[in-house]
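Quick notes on the structure that follows.
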Amino acid sequence: MPKKRIMIVEDDVLISKMLEISLQYMGYEITSIVNSGELAVKKAEDRPDLILMDITLSGEIDGVEAANQIRTKFKTPIIYLTALSDDEIFARARQTQASGYLIKPFQEAELKATIEMAIYKAQIEEELLKAKKFETIATLSGGLAHDFNNLLMIMLGHMEMVQEELDPHSLSDESLKIAIETLFQARDLITKFISLSQGGNPSKKKYSILKVIEQSAVALLDGSNVKYEINKLEEPLIFEFDIRQIRQVFDNLFENSKEAMPQGGKILISIKKINVFTNHQEPIQSIKEGNYIKVIITDHGIGIIESDIPKVFDPYFSTKQRGNKKGMGLGLAVVYSIISKHDGYIHIESKPEEGTTVYLYLPNI
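Going by our numbering, the first residue of the sequence shown is number 66, and it counts up by one from there.
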């Protein structure tokens, strides 16, 4: 699991050094140490997971104003550090929706507990925002997608009838082929909309997750220059899930990995049973305790820049070029919707030119 990244904003050199040593000992990565509000706002562009912010700073803006500017732009969780207990300062600080307060001097155990709670709270809030977003999309897209799909099929039917009457070598026939291909691309997009709208009603039955993964890998990767390797348990991995929807999850993920390696490569797939307990080391802090099937999919493709990772599940966000059939940006939105409706979790880690790893967690029931 990657280390959580923390920025320290403190103008007392001794305190900032002690914080750096303590945080590194606890297993965190320090992105930067700055001593002014102006520098804090600038270095927040490094996108740390959390900021420790001294309230009283030298310079034109204090810690509260710096936090306000950072939260407006990045929503980064911030914990205030202060030796003061002034009511007016706390009133200003509360307006920035701080994730915690630490009164100097504080103990290491208090520091760690406050940091872990702040990171956990930020992850929960992010999951809730995503859930609300997908709820709205599902409601709006469901009926529209079905209606539009019906119109689309009528258009395709008539175009194919016209095509039968044309000279197959004529310019008109060539133009019609392009139009029909475009309509098929639109049909695929509508299918994704319908998947979003139906994501709330998985029809679960007991089946082997390994079989679904193998079927998807064969369909998407066989015959291509991208190979795959499955590292699995010997025992059958059978539990309840919607076969059609979960197959779509792996179809989308394998398609993404294949597109990320245009020169060829290998996708590594790991499947295991895990039990998540209170002090777990899984990359998703907000995951509930229980038994899960954990699937890890790793490619060594072009990767994703860090600033794009929080947006990859947003509908219509895509790192691919717009204007072609691969630039619609709904694939991972559909994946997220399906996994969420199965009470599961998904997490993505990626580095440009190194590759991407996707972690899937499905309840083993």
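Here a beta-carbon is modelled for each residue, glycine too, at the ideal position from N, C-alpha and C.
Suppose you measure from the CA of Val164 to the CA of Gln134; what does that come to, to the nearest Å?
The amino acid at residue 164 is misidentified as Val; the sequence shows Ser. Rounded to whole angstroms, Ser164 to Gln134 spans 15 Å at the Cα level.
By the DSSP assignment, the alpha helix (DSSP H) with Ser281 in it spans what residues?
Looking at the DSSP string, the run of the alpha helix (DSSP H) that includes Ser281 is 274 to 286.
Could you tell me how far apart the beta carbons of Lys69 and Ile143 are, in whole angstroms, since I believe they sit closer than 8 Å?
Not confirmed; about 14 Å, so no contact.
Determine the extent of the alpha helix (DSSP H) in which Thr121 is found, giving its start and end residues.
Careful: Thr121 lies outside any alpha helix (DSSP H) and carries neither H nor E.
Mind checking whether Ile336 and Lys297 have CB atoms under 8 Å apart?
Yes; because the gap between Cβ atoms is below 8 Å, this pair is in contact.
I'd like to confirm the pairing. Which residues does DSSP put opposite Glu94 in its beta bridges?
Answer is Arg70.
Could you check if Ala148 is buried or exposed, using at least 16 other CB atoms within 10 Å of its CB as the buried criterion?
Exposed, by the Cβ-count rule.
Could you pull the DSSP bridge partners for Asn340 from this structure?
Paired residue(s): Asn356.
In angstroms with no decimal places, state the Cα-to-Cα distance between Gly124 and Phe139.
Gly124 and Phe139: Cα-Cα distance of roughly 22 Å.
Within 10 Å of its beta-carbon, does Leu146 have 16 or more other beta-carbons around it, so buried, or fewer, so exposed?
Buried, by the Cβ-count rule.
Taking the DSSP output, what are the residues bridged to Thr421?
Asp364, Ser415, per the DSSP bridge assignment.
Distance, Cα to Cα, Val400 vs Tyr424?
Each residue's Cα considered, the two are about 12 Å apart.
Let me check one thing: in DSSP terms, what residues is Tyr166 bridge-paired to?
Its beta-bridge partners are Tyr145.
Tell me the residue span of the beta strand (DSSP E) that contains Glu305.
Glu305 -> beta strand (DSSP E) spans 303 to 306.
Going by beta-carbon coordinates alone, are Glu305 and Lys270 separated by less than 8 Å?
A contact, by the Cβ cut-off of 8 Å.
Which partner residues does Val291 have in the DSSP bridge list?
Note: Val291 sits in a beta bridge opposite Gly330.
Distance check for Val283 and Pro428, CA to CA, integer angstroms please.
About 25 Å.
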